[in-house]
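There are 4 protein chains.
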Amino acid sequence: MPYRARLKVRFGDIDQAGVVYYPRFLHYFHVAMEEFFSAEVGMDYARVLLDHRFGFPAVHLEAEFRRPLRYGDEIDVEVKVARIGEASVDWRYFVYRVGESEPVALGQVVTAGIDLDSFTSRSIPDWLRSALLPHVQT
Amino acid sequence: MPYRARLKVRFGDIDQAGVVYYPRFLHYFHVAMEEFFSAEVGMDYARVLLDHRFGFPAVHLEAEFRRPLRYGDEIDVEVKVARIGEASVDWRYFVYRVGESEPVALGQVVTAGIDLDSFTSRSIPDWLRSALLPHVQT
Amino acid sequence: MPYRARLKVRFGDIDQAGVVYYPRFLHYFHVAMEEFFSAEVGMDYARVLLDHRFGFPAVHLEAEFRRPLRYGDEIDVEVKVARIGEASVDWRYFVYRVGESEPVALGQVVTAGIDLDSFTSRSIPDWLRSALLPHVQT
Amino acid sequence: MPYRARLKVRFGDIDQAGVVYYPRFLHYFHVAMEEFFSAEVGMDYARVLLDHRFGFPAVHLEAEFRRPLRYGDEIDVEVKVARIGEASVDWRYFVYRVGESEPVALGQVVTAGIDLDSFTSRSIPDWLRSALLPHVQT
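If you're matching them up, the sequences are chains A, B, C and D in order. Residue 1 is where the first sequence starts when you use our numbering, and the numbers rise one by one after that. Residue 139 is where the second sequence starts when you use our numbering, and the numbers rise one by one after that. Residue 277 is where the third sequence starts when you use our numbering, and the numbers rise one by one after that. Residue 415 is where the fourth sequence starts when you use our numbering, and the numbers rise one by one after that.
Put into structure tokens, the structure is as follows:
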């Protein structure tokens with residue numbers, strides 16, 4: 001089963017049009033990745049950054065918003081990995097309203113491994129590669 | 139000359155990695171579109187929403203982040219239109235650090251015209267179409 | 277036992293100084309109030325707003341930040357009620373790092389009941405008053 | 415004349431109640447302080463942090479929200495200094511809708527000087543004290 005993080009649309013996530021402000025979806029993706037690290041990698045993303053000095057900035061993203069989210073919606077953000085490169089990971093996100101089978105939004109975020117001190121490219125560490133492998137969708 | 143909105147990276151835009159949190163780029167795109175409406179369409183986006191009840195939610199987006207932005211950076215966000223459909227607009231954004239000629243980030247956001255009361259599709263009004271036409275890049 | 281909402285400090289909550297950006301504490305207070313409504317009032321705050329058209333904007337706030345929060349911190353936000361007026365509620369928030377007994381931050385937010393359509397004052401409904409009463413600290 | 419920073423309420427600043435989400439006011443205060451540093455102190459706040467390693471976290475705040483702000487509002491945030499202590503500054507903010515003489519919101523933020531590397535108390539540097547003195551209201 002792919003990993004899913006359950007989140008709630010918050011009062012402050014809503015914009016003037018009465019739906020979730022679209023940059024918040026990207027925040028939801030990031031929060032889901034943070035939860036994925038804790039649950040599936042076995043290390044909080046905070047520790048990856050603060051202790052291992054490994055950073056994972058987004059270098060490319062795509063998203064499709066099919067239906068609006070409203071205040072009060074609960075969502076499951078499914079996290080999959082499409083590809084693990086030498087120093088990058090291609091993440092896929094699927095946002096479902098709880099109980100629905102069609103996603104309201106889909107996203108792709110490619111993150112590049114960097115050394116946080118020098119901001120230069122850094123290979124995916126083995127412990128991270130092994131933890132991500134079972135989540136590669138085929 | 140394409141339209142450019144000048145913005146500043148703010149203290150609160152920075153994340154744990156010491157660079158702009160990537161969802162903030164999408165916020166910058168939106169703010170640049172808001173400024174574009176005031177400057178080039180001749181109507182504040184607030185009036186489009188509140189008086190004309192015309193909404194423009196994002197349905198698709200792509201972005202590429204080439205170099206990080208840091209606190210203190212000033213940026214120009216260039217706004218172009220790639221295509222005006224019957225009820226959608228394909229916007230392009232180019233983020234430059236002030237004084238640089240290579241963008242640090244590029245984005246595409248497709249927005250779909252809707253009636254804000256019914257949240258159903260609505261054609262781009264003529265006054266908006268005419269105002270956008272000179273900004274279509276060829 | 278006073279109600280506590282457990283939250284996590286997120287990657288994007290951090291500012292250039294490496295600690296939680298102080299407006300985010302106010303967001304934490306609001307999220308804790310939202311959780312309080314679901315858990316203790318028995319009605320999601322979304323339903324209060326969308327179905328009952330009852331709004332609860334902040335009219336006064338005070339906060340004290342004793343120690344910084346960092347990325348990776350988990351927090352409990354304790355929610356208490358100091359006073360229920362005719363059309364206002366005086367909420368108190370106490371933010372604890374999980375497992376600590378001294379709060380890192382304290383807050384007071386006075387919210388005023390309004391009719392969301394007219395934005396005029398509205399008395400606290402009886403069902404809300406009864407639900408809040410057991411949380412009044414003495 | 416006290417310093418005023420002109421800001422615009424943005425689409426994404428609005429919440430489910432159709433007004434500015436109250437934590438955004440605290441963000442407005444911070445942005446106004448950032449502008450104040452550039453305009454009145456003569457040094458960008460980014461440089462204060464990044465070059466001087468001087469930080470200024472909020473330790474106490476109070477705010478009063480008298481009237482809601484809506485999307486499309488332009489505001490002037492007036493910045494005053496109530497008191498300069500050995501290692502703290504007591505800032506006062508007054509938010510006016512452009513053209514109005516009564517503030518819609520008022521705020522106080524006490525910031526404490528710290529060394530950003532050790533997060534320990536640090537006296538206000540002389541260059542900052544001198545720059546702030548003319549803004550002390552009497």
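Positions of the beta carbon are idealized from the N, C-alpha and C atoms, including for glycine.
query = For L69(A), does the three-state DSSP call read helix, strand or coil?
reply = In this structure, L69(A) counts as coil in the three-state DSSP scheme.
inquiry  = Less than 8 Å between the beta carbons of V423(D) and I489(D), yes or no?
reply    = Yes, the pair counts as a contact, with Cβ atoms nearer than the cut-off.
request  = Tell me whether the beta-carbon of I124(A) lies closer than 8 Å to the beta-carbon of P57(A).
outcome  = The answer is no: Cβ separation not under 8 Å.
ask   = Whole alpha helix (DSSP H) runs in the stretch 473-546 of chain D with 4 or more residues, listed along the chain?
value = Within the stretch 473-546 of chain D, the complete alpha helix (DSSP H) runs of at least 4 residues are 540-546.
ask   = With C-beta atoms as the reference, is V157(B) less than 8 Å away from L199(B)?
value = Not a contact, by the Cβ cut-off of 8 Å.
task = Give a yes or no on whether the minimum CB-CB distance between L164(B) and chain A is below 8 Å.
result = Closer than 8 Å: yes.
query = Where does D117(A) land, buried or exposed, given buried means 16+ other C-beta within 10 angstroms?
reply = Its Cβ having fewer than 16 others within 10 Å, D117(A) is exposed.
Residue(s) in a DSSP beta bridge with Y298(C) = Partner(s): none; Y298(C) has no beta bridge.
inquiry  = For chain A, check one thing: does any of its Cβ atoms lie closer than 8 Å to the Cβ of Y160(B)?
reply    = Cβ-Cβ to chain A under 8 Å: yes for Y160(B).
Interface partners of Y321(C) on chain A, CB under 9 Å = Contact of Y321(C) with chain A by beta-carbon distance below 9 Å involves F11, Y71 and G72.
inquiry  = Rounded to whole angstroms, what is the Cα-Cα separation between R235(B) and R142(B)?
reply    = Going from the Cα of R235(B) to the Cα of R142(B) covers about 12 Å.
ask   = Does the beta-carbon distance from V274(B) to V217(B) come in below 8 Å?
value = Cβ distance not < 8 Å, so V274(B) and V217(B) don't count as in contact.
ask   = Any idea what DSSP makes of R47(A), helix, strand or coil?
value = Here R47(A) carries a helix assignment [DSSP, helix/strand/coil].
ask   = Hey, quick one: how far does the beta strand (DSSP E) through A281(C) stretch, first residue to last?
value = From DSSP, the beta strand (DSSP E) with A281(C) extends over Y279 to K284.
key: Three CB pairs or more closer than 8 Å across the stretch 86-105 of chain A and the stretch 37-50 of chain A   = The stretch 86-105 of chain A vs the stretch 37-50 of chain A: no contact.
query = Taking the Cβ atom as the reference point for each residue, do Y304(C) and V371(C) lie within a distance shorter than 8 Å?
reply = Cβ atoms of Y304(C) and V371(C): closer than 8 Å.
key: Closest Cα partner of E310(C) within the set Y369(C), Y297(C), E340(C) and I360(C)   = Looking at Y369(C), Y297(C), E340(C) and I360(C), the one whose alpha-carbon comes closest to that of E310(C) is Y369(C).
request  = Starting from the beta carbon of I290(C), find every residue of chain B whose beta carbon is closer than 8 Å, and list them in chain order.
outcome  = Contacts between I290(C) and chain B, judged by CB atoms closer than 8 Å, involve I152, D153 and Q154 in chain order.
task = Would you please verify whether the beta carbon of L463(D) is less than 8 Å from any beta carbon of chain C?
result = Chain C contact via Cβ: present.
message = Can you tell me which residues form a DSSP beta bridge with F192(B)?
response = Residue pairing for F192(B): DSSP places it in a beta bridge opposite D253(B).
inquiry  = Residues of chain C with CB closer than 8 Å to the CB of V59(A), please, in chain order.
reply    = Residues of chain C passing the Cβ test: none, with the nearest at roughly 16 Å.
query = Where I290(C) and L464(D) are concerned, what is the direct C-alpha to C-alpha distance, given to the nearest angstrom?
reply = Their backbone Cα atoms lie some 16 Å apart in a straight line.
ask   = Which bits of chain B does E492(D) rub up against, with CB to CB less than 8 Å?
value = In chain order: nothing, as chain B lies at least about 19 Å away.
ask   = Between the Cα of F479(D) and the Cα atoms of S397(C), F330(C), R343(C) and V335(C), which residue gives the shortest distance?
value = With distances taken between Cα atoms, F479(D) lies closest to V335(C).
ask   = Quick one: does P241(B) have its CB under 8 Å from some CB of chain A?
value = No, because no Cβ of chain A sits closer than 8 Å to the Cβ of P241(B).
query = What is the C-beta distance between D504(D) and V524(D), in whole angstroms, given that I count them as a contact (C-beta under 8 Å)?
reply = Right, the Cβ-Cβ distance comes to about 5 Å (below 8 Å), so this counts as a contact.
query = Hey, is E338(C)'s beta-carbon within less than 8 Å of any beta-carbon in chain D?
reply = Judged by the 8 Å Cβ criterion, E338(C) is in contact with chain D.
message = Tell me the rounded alpha-carbon separation between L404(C) and L547(D).
response = So the alpha carbons of these two residues sit roughly 49 Å apart.
ask   = With a Cβ-Cβ cutoff of 8 Å, do G107(A) and F25(A) count as a contact?
value = Yes; because the gap between Cβ atoms is below 8 Å, this pair is in contact.
task = Figure out for me which residue from R144(B), S268(B), M139(B) and Y160(B) has the closest Cα to the Cα of G221(B).
result = Before going on, a small fix: residue 221(B) reads as Arg here, not Gly. When only C-alpha atoms are compared, the closest one is S268(B).
inquiry  = Please identify the residue among V462(D), G469(D), Y435(D) and F450(D) whose C-alpha is closest to the C-alpha of T534(D).
reply    = That would be G469(D), whose Cα lies nearest to the Cα of T534(D).
query = At a Cβ threshold of 8 Å, is V307(C) touching chain A?
reply = So yes, V307(C) belongs to the interface.
ask   = Rounded to a whole number of angstroms, what is the C-alpha to C-alpha distance between F37(A) and R185(B)?
value = Cα atoms of F37(A) and R185(B): separation of roughly 43 Å, rounded to the nearest angstrom.
inquiry  = Using beta carbons (cut-off 8 Å, strictly below), is G55(A) in contact with chain B?
reply    = Judged by the 8 Å Cβ criterion, G55(A) is in contact with chain B.
key: Buried versus exposed call for D349(C) [16 or more other C-beta atoms within 10 Å across all chains shown]   = Under a 10 Å Cβ-count criterion, D349(C) is classified as buried, with 16 or more other Cβ atoms of the shown protein chains found around its own Cβ.
inquiry  = Let me confirm a value: G375(C) is counted as buried when at least 16 other C-beta atoms fall within 10 Å, else exposed. Which label applies?
reply    = Result: exposed.
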